[in-house]
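The numbering of the sequence shown is the working numbering, which starts it at 255 and goes up by one. Positions of the beta carbon are idealized from the N, C-alpha and C atoms, including for glycine.
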Amino acid sequence: MSRNGHPSVQPDPPGSTAMVLGAGVLPAGYWFDLHEHPQHQIAWAARGVIAVEVGDNRWVLPPTRALWIPGGIAHRTGSAEGAEMRGIYVDPDRCPVAFTAPTIIRVTRLLHELFDHLGAPGTSADRRERAESVVFDLVEPVDVIPIGAHTPTDPRARQVADALTTDPADPRTLTEFATAVATSPRTLARLFRADTGISFGQWRTQIRLTASLPLLAAGLPIARIAGRVGYATPSAYVAAFRRAVGVSPGKYFTG
């Protein structure tokens, strides 16, 4: 990561080591432009919460989670509240891990310490090589159900989607939104189904749950999260989360 905050192309790892580590502070609200690396990348925040987008998929990552991004996959990375981000770049020719798609991995205390060790100045090549071997042994995928939804393409539905993405707690009904974009409720419902593959109600739930993830990862109380993303009670938020994801909000990042 360069000094001006933009992603920089990483050189090949020196000698027999497989990893190059970069570090930088992401300001609140900052997003890298869409980019890719020839190396695999482990996107991780030592402090704060980052998000990574690949196509229509988004992953929210507290310090206990990282995302393995295979080389050549275009992605965007950013942070809503700011974060201390680490970029761990892995030479594909020296990597025993064979993930072919973006994969969430668990960052244990030991893996955290190993990332710090590998990023420390003056670490000799032989010590780096031994540490990297342990890192590869500790890479453990986490099975999570993705949260998120496609953005509709029709201008009327897109206008509604933008409003709800900006403020997921917006209480307007489908009928009220239809009036606001000068169409009928039936047409708006049909547009959401055609463009996203799910109903307007299901789409709104996914957007609310997506908005809740950075708050959940940052450790906010469920009662505060529920109100900020449009649920009248904490129990309503928990129930919606469990129906969509299969686990409670409290277990999403710890299970």
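Euclidean distance between Cα positions of residue i and residue j
| i | j | result |
| --- | --- | --- |
| Arg257 | Gly276 | Because Arg257 carries a pLDDT of 41, less than 50, the predicted location of this residue cannot be relied on, and the following value inherits that uncertainty. Rounded to whole angstroms, Arg257 to Gly276 spans 11 Å at the Cα level. |
| Val483 | Ile359 | 27 Å |
| Ala480 | Leu469 | 10 Å |
| Leu474 | Glu307 | 23 Å |
| Val388 | Ser333 | 29 Å |
| Thr433 | Ala411 | 12 Å |
| Met255 | Ser502 | In this prediction, Met255 has a pLDDT of 48, which is less than 50 and means its spatial position is unreliable; what the coordinates show is noted afterwards. Their Cα atoms are separated by approximately 35 Å. |
| Ile452 | Ala417 | 18 Å |
| Pro406 | Asp310 | 11 Å |
| Arg426 | Arg478 | 21 Å |
| Gly341 | Ala328 | 15 Å |
| Thr419 | Asp347 | 40 Å |
| Gln413 | Thr487 | 27 Å |
Residue i - DSSP class collapsed to helix/strand/coil
| i | result |
| --- | --- |
| Pro395 | strand |
| Gln293 | coil |
| Arg360 | strand |
| Tyr343 | strand |
| Thr464 | helix |
| Gly302 | strand |
| Thr459 | helix |
| His260 | At His260 the pLDDT is 44, less than 50, meaning the model places this residue with poor confidence and gives no usable figure here. |
| Arg312 | strand |
Enclosing alpha helix (DSSP H) for residue i [first to last residue]
| i | result |
| --- | --- |
| Leu364 | 363 to 373 |
| Leu442 | 439 to 450 |
| Gly504 | 503 to 506 |
Assumed close pair residue i, residue j - CB separation to whole angstroms, cut-off 8 Å
| i | j | result |
| --- | --- | --- |
| Thr331 | Phe286 | 5 Å |
| Phe431 | Ala443 | The pair is not a contact, with the Cβ atoms about 10 Å apart (cut-off 8 Å). |
| Pro316 | Ala471 | 4 Å |
| Ala272 | Glu394 | Contact flag wrong, Cβ pair sits at about 18 Å. |
| Tyr506 | Val499 | 6 Å |
| Leu392 | Leu372 | Actually they do not touch by this definition, with Cβ atoms about 12 Å apart. |
| Val314 | Leu467 | 4 Å |
Beta-carbon spacing of residue i, residue j below 8 Å
| i | j | result |
| --- | --- | --- |
| Arg312 | Thr464 | yes |
| Arg301 | Val361 | no |
| Phe369 | Trp322 | no |
| Pro324 | His294 | yes |
| Ile296 | Val344 | yes |
| Val279 | Glu338 | yes |
| Ile461 | Pro422 | yes |
| Ala436 | Thr459 | no |
Contact test: residue i Cβ vs the ligand SAM heavy atom, cutoff 7 Å
| i | result |
| --- | --- |
| Thr464 | In the structure on display, the ligand SAM does not appear, and there are no ligands present to speak of. |
N-terminal and C-terminal residue of the beta strand (DSSP E) that residue i is part of
| i | result |
| --- | --- |
| Val435 | Where Val435 is concerned, there is no enclosing beta strand (DSSP E), given that its DSSP letter is neither H nor E. |
| Arg319 | 319 to 323 |
| Gly278 | 273 to 280 |
| Gly332 | 330 to 332 |
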